[in-house]
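Structure first, commentary second.
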Amino acid sequence: MHEIVCPHCRKAFTIDEAGYADIAKQVRDAEFAAQLHERLEWAEADKEKAVALAEAAKDRAIQGLKAQLDAGVTQTKLAVAEALAAVEKERDALALELEQAAAERAQALELAAAKSAAERQQQAAAKDAAIQQLQAELAAAGVERQLAVTEAVAAAERERDEARSGLEKLGLEKQLAETALKDKYETQLKDRDDAIERLRDMKARLSTKMVGETLEVHCETEFNRLRATAFPRAYFEKDNDARTGSKGDFIFRDYDEAGTEIVSIMFEMKNEADTTATKHRNEDFFKELDKDRTEKGCEYAVLVTLLEPDSELYNTGIVDVSHRYPKMYVVRPQFFIPLITLLRNAALGALAYKTELALVRAQNIDVTHFEDQLDRFKTAFGKNYDLAHRHFERAIAEIDKSIDHLQKTRDELLGSDRQLRLANDKAQDVTLKKLTKGNPTMAAKFAELGVAEE
Numbered sequence: 407m408h409e410i411v412c413p414h415c416r417k418a419f420t421i422d423e424a425g426y427a428d429i430a431k432q433v434r435d436a437e438f439a440a441q442l443h444e445r446l447e448w449a450e451a452d453k454e455k456a457v458a459l460a461e462a463a464k465d466r467a468i469q470g471l472k473a474q475l476d477a478g479v480t481q482t483k484l485a486v487a488e489a490l491a492a493v494e495k496e497r498d499a500l501a502l503e504l505e506q507a508a509a510e511r512a513q514a515l516e517l518a519a520a521k522s523a524a525e526r527q528q529q530a531a532a533k534d535a536a537i538q539q540l541q542a543e544l545a546a547a548g549v550e551r552q553l554a555v556t557e558a559v560a561a562a563e564r565e566r567d568e569a570r571s572g573l574e575k576l577g578l579e580k581q582l583a584e585t586a587l588k589d590k591y592e593t594q595l596k597d598r599d600d601a602i603e604r605l606r607d608m609k610a611r612l613s614t615k616m617v618g619e620t621l622e623v624h625c626e627t628e629f630n631r632l633r634a635t636a637f638p639r640a641y642f643e644k645d646n647d648a649r650t651g652s653k654g655d656f657i658f659r660d661y662d663e664a665g666t667e668i669v670s671i672m673f674e675m676k677n678e679a680d681t682t683a684t685k686h687r688n689e690d691f692f693k694e695l696d697k698d699r700t701e702k703g704c705e706y707a708v709l710v711t712l713l714e715p716d717s718e719l720y721n722t723g724i725v726d727v728s729h730r731y732p733k734m735y736v737v738r739p740q741f742f743i744p745l746i747t748l749l750r751n752a753a754l755g756a757l758a759y760k761t762e763l764a765l766v767r768a769q770n771i772d773v774t775h776f777e778d779q780l781d782r783f784k785t786a787f788g789k790n791y792d793l794a795h796r797h798f799e800r801a802i803a804e805i806d807k808s809i810d811h812l813q814k815t816r817d818e819l820l821g822s823d824r825q826l827r828l829a830n831d832k833a834q835d836v837t838l839k840k841l842t843k844g845n846p847t848m849a850a851k852f853a854e855l856g857v858a859e860e
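Here this note's numbering = 1-based position in the sequence shown + 406.
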């Protein structure tokens, strides 16, 4: 039973395990739906932002290309205007030269009137040649102007084609970017769909656990209804000892008035929802249940299951699977109490033997304790003897080491005394004669000092 306080009226009320599990499931489902909706909204917002950013980038690129194109056209127009102005300037210069040549020709004609006809003809021919040359130069200037205009137009067309190619390239890049962006968001949406599917599977698994806990609550409730009348001295509690790495669901132990255990059972409850992703079989849990029964010291192991609902074997009643694992049974929830009663009544037949065995053990307890105390005394005495023996051996070894060290010190001292005696003998044997032997200078010095040689 759980006690819950209302957040509005502050009143406390209690609900059973099934109601508490139902409320918890509702809260988890609501939170899951809210989180799922929120994540989907985030994904849609991210997609809209990315599309808006892509459109803005595309517009900026198009505006930049348009500005570049306008600048290129303007530059081309300026170049054409400059070329035309230069051609006009050259044409005006040639026209001025032509007028000057005509004036010079008129003057020459006036001057040649007084000369001979031959000179006039020569001068006229020269003037005509000059005029023709000027006309040819004027025609060439016109051709050059036409070529300049043609080149300027061709350059403008080339720039226009390049701008058009740039626009097409930009459109292709935009299309590729849109495709990449679409693929990216399709991948993100697929990842989110996978995440949603995983969350749904997790929810299904959580629901399976809640269904299993509901079966445990049902069995515990059925037992507690009969505890006071049918099992007054029985122990039936959750197995919370997971020191060995695993644990069962419930442990049942029943005792007589003298406290002697009649029967012990390790229970495991298994169930799953219809929408569970992975379907289990009953035999998947036999090995673990037998391990828990052995580790917790229980005599029997019972699997209470709703798995394999279409199996005719498990729907018939109590199923003995002792051929697979010793003293193990599989039952549906409706056979939970009958199986406990059956095993308890079967164990009552052996209760007399257990009581007699307990009495014999009680009578022999003093002898057993005396033998245990004697063994402990022998063990302790042996340990103390070993410790004392090791200490004695270590002390003897230390003494031997000290003796060896002192002996070495004595030998060293004797050696030093021997060396000192030899040195003293050598010092006593020293004479002036020996010192000055082979050294006339020192002999003369000692002679001057009046020291006689020995």
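Ideal Cβ placement from N, Cα and C applies to all residues, glycine included.
#1: Going by DSSP, what residue range makes up the alpha helix (DSSP H) through L754?
#2: Let me check one thing: in DSSP terms, what residues is E643 bridge-paired to?
#3: Where does the unbroken beta strand (DSSP E) through C719 begin, and where does it stop?
#4: Of the residues M734, A531 and R738, which one's Cα is nearest the Cα of D716?
#5: For A467, which three-state DSSP category applies?
#6: Near E694, which residues of its chain fall below 7 Å by C-beta distance, leaving aside the five closest residues on each side in sequence?
#7: Are T711 and K733 close, meaning C-beta to C-beta below 7 Å?
#8: Specify, as a first and last residue, the run of the alpha helix (DSSP H) that E694 falls within.
#9: Alpha carbons only, please: which of V708, D597 and I802 is nearest the one belonging to F656?
#10: Cα-Cα, which of L745, R639, T666 and G723 is closest to L765?
#11: Output needed for F741: all residues of its chain with C-beta closer than 8 Å, excluding positions within five of it in sequence on either side, in chain order.
#12: So what does K676 bridge to, in DSSP terms?
#13: Expressed to the nearest angstrom, what Euclidean distance is found between the alpha-carbon atoms of L553 and A492?
#14: Considering Cα atoms alone, identify which of K417, Q481 and K685 is closest to R566.
#15: Taking one C-beta from the stretch 698–706 and one from the stretch 774–792 each time, how about it: are there three or more such pairs within less than 8 Å?
#16: Pull up the CB-CB distance for I468 and L576, whole angstroms please, since I reckon it's below 8 Å.
#17: Return the CA-CA distance between C704 and K789, expressed in angstroms with no decimal places.
#18: Helix, strand or coil: how does DSSP classify A803 here?
#19: In angstroms, rounded to a whole number, what distance separates the CA positions of E516 and E503?
#20: I think V861 touches Y720, with their Cβ atoms under 8 Å apart; what is that distance to the nearest whole Å?
#21: Counting along the chain, where does the beta strand (DSSP E) carrying V736 start and finish?
#22: Going by C-alpha distance, which of I743, Q594 and E550 is nearest E496?
#23: Quick check: E626 and I743, are their CB atoms within less than 7 Å of each other?
#24: For F673, count the other beta carbons within 10 Å of its own beta carbon; 16 or more makes it buried, fewer makes it exposed. Which is it?
#25: Taking only the alpha-carbon atoms, compute the straight-line gap between R445 and A458 and give it to the nearest angstrom.
#26: Tell me whether I668 sits in a helix, a strand or coil according to DSSP, three-state version.
#27: Give me the Cβ distance between I668 and F658, rounded to the nearest whole Å; I'm assuming they're in contact under 8 Å.
#28: Rounded to whole angstroms, how far is the Cβ of G662 from the Cβ of L757, which I believe are closer than 8 Å?
#29: Checking 7 Å against the spacing of the C-beta atoms, do A460 and L587 come in under that value?
#30: Could you tell me whether the Cβ atoms of Y706 and L749 are closer together than 7 Å?
#31: Can you tell me the Cα-Cα spacing of K840 and Q825, whole angstroms?
#32: Exposed or buried, L745, counting other C-beta atoms within 10 Å across all chains shown (16 or more means buried)?
#33: Do you know offhand how far R649's Cα is from K702's?
#34: Measuring CA to CA, which of A439, D823, C415 and Q528 is closest to E603?
#35: I need the DSSP call for A648, collapsed to helix, strand or coil.
The structure says:
#1: Counted as a single uninterrupted DSSP element, the alpha helix (DSSP H) harbouring L754 occupies residues F742 to L754.
#2: Paired residues: I657.
#3: A quick correction: the sequence has Leu, not Cys, at residue 719. In the DSSP annotation of this structure, L719 is not part of any beta strand (DSSP E); the continuous alpha helix (DSSP H) holding it starts and ends at E718 to N721.
#4: For the set M734, A531 and R738, the Cα lying nearest the Cα of D716 is the one of R738.
#5: In the structure shown, A467 sits in a helix (DSSP, three-state: H, G or I).
#6: Once the five neighbours on either side are set aside, the close Cβ partners of E694 are S652.
#7: Taking 7 Å as the Cβ cut-off, T711 and K733 do not qualify as a contacting pair.
#8: From DSSP, the alpha helix (DSSP H) with E694 extends over F692 to E701.
#9: Comparing Cα positions, the closest option is V708.
#10: The alpha carbon of L765 has as its nearest neighbour, out of L745, R639, T666 and G723, the alpha carbon of T666.
#11: Closer than 8 Å at Cβ, skipping near neighbours: G723 and I724.
#12: When DSSP reads this structure, K676 sits in a beta bridge with T711.
#13: Between the C-alpha atoms of L553 and A492 there is a straight-line separation of about 13 Å.
#14: Among K417, Q481 and K685, the Cα nearest to that of R566 is on Q481.
#15: Not touching, per the Cβ criterion.
#16: The pair is a contact, with the Cβ atoms about 7 Å apart (cut-off 8 Å).
#17: Cα-Cα distance, rounded: 38 Å.
#18: Here A803 sits in helix by DSSP.
#19: The alpha-carbon separation between E516 and E503 amounts to approximately 20 Å.
#20: Residue 861 lies beyond the residue range present for the chain, which begins at 407 and ends at 860; the question has no answer from this structure.
#21: Bounds of the beta strand (DSSP E) holding V736 are M734 to V737.
#22: Here the closest residue by C-alpha is E550.
#23: Annotated as distal: E626 and I743, with beta-carbon spacing of 7 Å or more.
#24: Burial call: buried.
#25: Rounded to whole angstroms, R445 and A458 show a C-alpha spacing of 20 Å.
#26: Shown here, I668 sits in a strand according to DSSP, grouped into three states.
#27: Their Cβ separation, rounded to whole angstroms, is 10 Å, which puts I668 and F658 out of contact at 8 Å.
#28: Checking the sequence shown, residue 662 turns out to be Asp, not Gly. The Cβ separation is near 6 Å, so the contact holds.
#29: Yes, Cβ-Cβ distance for A460 and L587 is below 7 Å.
#30: Taking 7 Å as the Cβ cut-off, Y706 and L749 qualify as a contacting pair.
#31: Looking at the two C-alpha atoms, the distance is approximately 22 Å.
#32: The residue in question, L745, is buried, as its Cβ has 16 or more Cβ neighbours within 10 Å.
#33: Rounded to whole angstroms, the gap between the alpha carbons of R649 and K702 is 11 Å.
#34: Looking only at A439, D823, C415 and Q528, the smallest Cα-Cα distance to E603 is reached by A439.
#35: In this structure, A648 counts as coil in the three-state DSSP scheme.
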